[in-house]
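Contents: one structure, followed by commentary.
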Amino acid sequence: MERLDKIIQLVSQHEKIDVNSLAEQLDVSKVTIRKDLDKLESKGLLRREHGYAVLNSGDDLNIRMSFRYDVKKRIAKEAANLIADNETIMIESGSTCALLAEEICKTKRNVTIITNSYFIANYVRQYDSCQIILLGGEFQKDSQVTVGPLLHKMIQFFHVDKAFVGTDGYDSEHGFTGKNLMRSEVVQYMSDVAENMIVLTDSSKFTKRGTVRRFGLSQVAQVITDTSISEDLVKELENARVTVRRGQYEARKKKAVGKNSLSLLRRGEKPS
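Just so you know, we're using our numbering here: the sequence shown kicks off at 33 and counts up by one.
Here is the structure:
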């Protein structure tokens, strides 16, 4: 896990952590930590407050991305393994989808990403390794996405092997569910032009149920989630011929935070 990812993970665990503790735990200087925090703050993942790194509060996509960031990052890495250089894919909106787009741009070459998310297009704008095709339509300011009939017409110009989408919830009878009707319709539009629909979601979404039916299991080729998903759910998905992949923790490097240090930090103590 990169140092920026570790910082997000630690801040997510504690909501608030001081610069000195971060420098000590990550074995780097305070100057380096401050530069890292500047980068993360510029992305809206956290804010700096009187010598502390603090999680943002609210409901925009930056804030949702910081929630369970380490889990979403592992899911994004697992999903990126399915993508080859020079491929064209579709990515829907959402925090995990944004992290996937970034992972693709960091590790792949000459990939074209078709998306309805202005947030994702802006999030990866500094990378030269990806081309972004931004779909037009009615703009929803809160989620920074395009929706509606114009978007539907634009999607029909394309055909891709893989479309990566998120979800707000799950229901055993109806499949994956959402909170917003027009954004849920976008997934159906993508399903019409993609050979394989791949759902990216952390396991907590399987305990929630949205008010709008998003898509059934018969439309899904794969689900990429984390290791906390129950075996009963895995069997349910696999019985519906859905492949389940689980993003794994990476092996720790020598200078990574040790288990004892993390345990002390979770209790608010400093390691000796």
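Here a beta-carbon is modelled for each residue, glycine too, at the ideal position from N, C-alpha and C.
Beta-carbon contacts of residue i that lie in its chain and below 6 angstroms, excluding the five residues immediately before and after
| i | result |
| --- | --- |
| Gly248 | Gly207 |
| Gln41 | Asp102 |
| Leu294 | Caution applies to Leu294, whose pLDDT of 39 falls short of 50 and renders its modelled position unreliable; the value that the coordinates give is listed next. Here the set comprises nothing. |
| Lys240 | Gly201 |
| Leu114 | none |
| Ile152 | Ala130, Ala133 |
First through last residue of the alpha helix (DSSP H) which encompasses residue i
| i | result |
| --- | --- |
| Leu16 | This structure leaves residue 16 out entirely; the chain is present only between 33 and 304. |
| Asp273 | Here the sequence assigns Arg to residue 273, which means Asp is not the residue at that position. From DSSP, Arg273 is part of no alpha helix (DSSP H); its letter is neither H nor E. |
| Ile187 | 181 to 187 |
| Arg327 | Examination of residue 327 is not possible in this model, given that the chain is present from 33 through 304 alone. |
| Lys138 | 127 to 139 |
N- and C-terminal bounds of the beta strand (DSSP E) containing residue i
| i | result |
| --- | --- |
| Asp224 | Run containing Asp224: none in the beta strand (DSSP E); it sits in the alpha helix (DSSP H), 213 to 225. |
Beta-carbon separation (whole angstroms), residue i vs residue j, contact threshold 8 angstroms
| i | j | result |
| --- | --- | --- |
| Thr144 | Leu166 | In fact, because the Cβ distance is near 12 angstroms, the residues do not count as touching under 8 angstroms. |
| Arg157 | Gln280 | Actually they are not in contact, since the Cβ atoms of Arg157 and Gln280 sit about 30 angstroms apart, beyond 8 angstroms. |
Own chain residues within Cβ distance below 8 angstroms of residue i, not counting five before or after
| i | result |
| --- | --- |
| Asp117 | Lys140, Arg141, Asn142, Val143 |
| Ile65 | Ile39, Val51, Leu54, Ala55, Leu58 |
| Val274 | Leu249, Val252, Ala253, Gln254, Val255 |
Per DSSP, the bridge partner or partners of residue i
| i | result |
| --- | --- |
| Val231 | Val197, Val255 |
| Asp50 | Tyr84 |
| Leu166 | Thr147 |
| Gln172 | Val177 |
| Phe247 | Phe208 |
| Tyr159 | DSSP output for Tyr159 lists no bridge partner at all. |
| Leu58 | For Leu58, which the question treats as bridged, DSSP gives no partner whatsoever. |
| Thr120 | Thr144 |
Contacts around residue i, its chain only, beta-carbon distance under 7 angstroms, and the 5 residues preceding and following it disregarded
| i | result |
| --- | --- |
| Val219 | Glu124, Val197, Arg246, Phe247 |
| Asp68 | Arg35, Leu36, Ile39 |
| Glu135 | Ala108, Lys109, Ala112 |
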